[in-house]
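Per my numbering: the sequence shown = residues 13 to 232. Note that CB positions come from ideal geometry on N, CA and C, so glycine has one too. Fair warning: this is a prediction, and the values are worked out from it, not measured in the lab. To keep things clear, I will list the structure first and then write my remarks on it.
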Amino acid sequence: MLKAVLFDMDGVIIDTEPLHRKAYLQMFDNVKIDVSPELYESCTGQSTMNICKRLVEHFNLKQQPEELVQLKRNNYKSLFKNDDDLALIDGVLERIKDYRNNDVTLVVASSASMHGINQIFERFNLNQYFNAKFSGADLEKSKPHPEIFLKAARHTGFKNSECMVIEDSTNGIKAANAADIFCVGFKSKHSTGQDYSKADLVISDFEEIAYSNSSNFFKH
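The following block contains the structure:
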């Protein structure tokens, strides 16, 4: 029986990816590097620090990863204030309310910084629905390591077999698999270049995982 849902944030609850992409592209220009689409997509689901460490190593940059992180965050902060394209993913708020109305515990387990998570939750008034928030940026290991989902599941007080992860990235799906938690791969127009083959269920509309259908798709 489904007792808890662990939500990724970017690409699942909200489409911040266009803003993050713009912020990263501006940062690439700031440090004068040419990042291929393949390299960028391979970083999806990882923390900003891990991505910046990879870039410093890959391009043999003189800057420290922390400097790149700050550049990217400054760019994002400006975009967050001024870009009107930021919106919740279609259907996700209805599903969040549906789960809460059926006493399902909700937790966010995102690679975003806690500051970034709080910004989104305050802007869209989401704190009322969630029991906890976990930031991959605060943990030792980034997705695809399962640490964030193991900690989030433990926090709910339920068994991993009673939890479900909703993810949109290759790294996130791998992390859920490694944690041995049922994983729904959310494949939307916002998610490009990701591998959903390891997901237990792949959806493109949140209506597909309504609580009333959970006995059909959630077999744990």
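Anyone know if the C-beta pair for GLN76 and SER154 falls short of 9 Å?
Start at 1 with the first residue of the sequence shown, and residue 76 comes out as number 64. Start at 1 with the first residue of the sequence shown, and residue 154 comes out as number 142. Their beta carbons are not under 9 Å apart, which means GLN76 does not touch SER154 by this criterion.
Going along the chain, which unbroken runs of the beta strand (DSSP E) with 3 or more residues stay wholly within the region 52-129?
DSSP runs (the beta strand (DSSP E)) wholly in the region 52-129: 117-122.
Express the C-alpha separation of LYS231 and LYS93 in angstroms, rounding to a whole number.
By one-based count along the sequence shown, residue 93 stands at place 81. By one-based count along the sequence shown, residue 231 stands at place 219. Cα to Cα, the separation comes out at about 42 Å.
Report, in whole angstroms, the separation of the C-beta atoms of LEU12 and PHE142, which I expect to be a contact under 8 Å.
Summary: the structure shown does not reach residue 12, with the chain confined to residues 13 through 232, and so no result is reported for it.
Along the beta strand (DSSP E) that carries SER200, what are the first and last residues, could you check?
Numbered from its first residue, the sequence shown carries residue 200 at position 188. SER200 -> no beta strand (DSSP E), and no H or E assigned at all.
For ALA99 and LEU51, what's the separation of their Cα atoms in angstroms?
Taking the sequence shown and counting its residues from 1, one reaches residue 99 at position 87. Taking the sequence shown and counting its residues from 1, one reaches residue 51 at position 39. Roughly 26 Å separates the two Cα atoms.
Given that a residue counts as buried once 16 or more other Cβ atoms are within 10 Å of its Cβ, and exposed if not, what is HIS127?
To locate residue 127, count along the sequence shown from 1; it is residue 115. When all chains shown are included, HIS127 counts as exposed.
Would you identify the three-state DSSP class for ASP27, choosing helix, strand or coil?
Within the sequence shown, numbered from 1, the residue matching residue 27 stands at position 15. Coil.
Name the residue from ASN225, ILE193 and GLY184 whose alpha carbon lies nearest to the alpha carbon of VAL24.
Taking the first residue of the sequence shown as position 1, residue 24 is located at position 12. Closest by alpha carbon: GLY184.
If I'm right that ASN114 touches TYR36 with Cβ under 8 Å, what's the distance once you round it to whole angstroms?
For the purposes of this step, residue 114 is taken as the residue at position 102 of the sequence shown. For the purposes of this step, residue 36 is taken as the residue at position 24 of the sequence shown. About 38 Å; that fails the 8 Å criterion.
Skipping 5 residues on each side, what residues in its chain have a beta carbon closer than 7 Å to that of ILE108?
To locate residue 108, count along the sequence shown from 1; it is residue 96. LEU118 and TYR141, listed in sequence order.
Could you check where the alpha helix (DSSP H) with LYS186 kicks off and where it finishes?
Within the sequence shown, numbered from 1, the residue matching residue 186 stands at position 174. Note, LYS186: alpha helix (DSSP H), 182-190.
Between GLU53 and the rest of its own chain, which residues show a CB-CB distance below 6 Å, the 5 nearest in sequence each way excluded?
Residue numbering aside, residue 53 sits at position 41 when the sequence shown is read from its first letter. So the qualifying residues of the chain are GLY205.
In this structure, does DSSP put LYS145 in helix, strand or coil?
Residue mapping note: residue 145 aligns to position 133 of the sequence shown, counting from 1. The answer is strand: DSSP assigns LYS145 an E or B state.
I believe PRO156 touches LYS186 by the beta-carbon criterion, under 8 Å. Please report the beta-carbon distance rounded to the nearest angstrom.
Taking the sequence shown and counting its residues from 1, the one referred to as residue 156 is at position 144. Taking the sequence shown and counting its residues from 1, the one referred to as residue 186 is at position 174. Correct: roughly 4 Å between the Cβ atoms.
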